[in-house]
Amino acid sequence: MCKGKIGLIPFHYFINSEIQPARMASVRRFKFDTSDLHEKNQKSLIISIPEVLDPSYGMYVWPSAVVLAQYVSIHREEIKSKRILEVGAGTSLPGVVAAKLGASVTLTDDIHQPVCLENCKKSCQENQLEDVSIMGLSWGRFTPQMLELPPQDIILASDCFYDSKDFEDIVATFKFFIQRNNKCQCWVTYQQRSTERSIEYLLQKWKLKCCHVPLVLFGADSPCIAGSELPGNHTIEMMIITDQS
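So the mapping is simple: this note's numbering equals the position in the sequence shown, first residue as 1, plus 950.
Here is the structure:
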């Protein structure tokens, strides 16, 4: 994901703007097993993700993203035809996996770094996705354009809990979508950087709750997932945030 707050304007703005794209470093490929238990032959989903070398943007696949993408791929039957929105999408790996598996996906990221949304577009193009919506979305700011979005079934967020000053804005954004659909779930992965940082009190404040998901339950307890070297030796956690009621 690209770090920082974001606002909301139509994506065509970025297509028509004069953007000096950051240098592309490579295209990284991920291979997710999509076989059913009763199938003899293995089926795989290959996802290609363009990455940007420039460290100012952080547009490379973060360890948390491949863990969340693995969870999405394991729940492929559950997400079919569901409305899914990814916040802080960046390279968009989880959202792209969801779209390839039949979900109706919206990718969002930072309005102040147009190259971030441009990279979302490139990830879609790389995977032949034409029906994915791409837009800016402001954490903690509820604009008329946000109200135009249809109720979402699932919110994807990988490593959005990066800077503690943004934590409440992110939780408030989750609450916005859950209020519009009280069955909405927020699937969240994050890298454990400090045991002193917690969002438990924010969840209580916004009348939300979370359930921690052990990585072993969806085959993400390995340093190498989807044929990649990620998440490596990073400690990744997953939780599902829902309405408190």
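By construction, the Cβ of each residue, glycine as well, lies at the ideal position given by its N, Cα and C atoms.
In the displayed model, Tyr-1140 falls within a strand according to three-state DSSP. For the beta strand (DSSP E) assignment, the uninterrupted runs of no fewer than 3 residues enclosed by the segment 1111-1179 are, from N- to C-terminal side, 1135-1141 and 1158-1162.
DSSP, reduced to helix, strand and coil, places Ile-1061 outside both helices and strands of the structure shown, so it counts as coil. Just so you know, the alpha carbons of Gly-1090 and Phe-1127 end up roughly 11 angstroms apart. In the DSSP assignment, Met-1085 forms a beta bridge with Thr-1058. Per DSSP, Ser-985 lies in no alpha helix (DSSP H) segment and is marked neither H nor E. Here Glu-1027 carries a helix assignment [DSSP, helix/strand/coil]. Note on geometry: alpha-carbon atoms of Val-1163 and Trp-1137 lie some 10 angstroms from one another.
The residue among Lys-1050, Ala-1107, Ile-1186 and Cys-1160 with its C-alpha nearest the C-alpha of Ser-998 is Lys-1050.
Put simply, the backbone Cα of Val-1055 is about 15 angstroms away from that of His-1025. For Met-1189, there is no enclosing alpha helix (DSSP H); the enclosing beta strand (DSSP E) has its first and last residue at 1186-1193.
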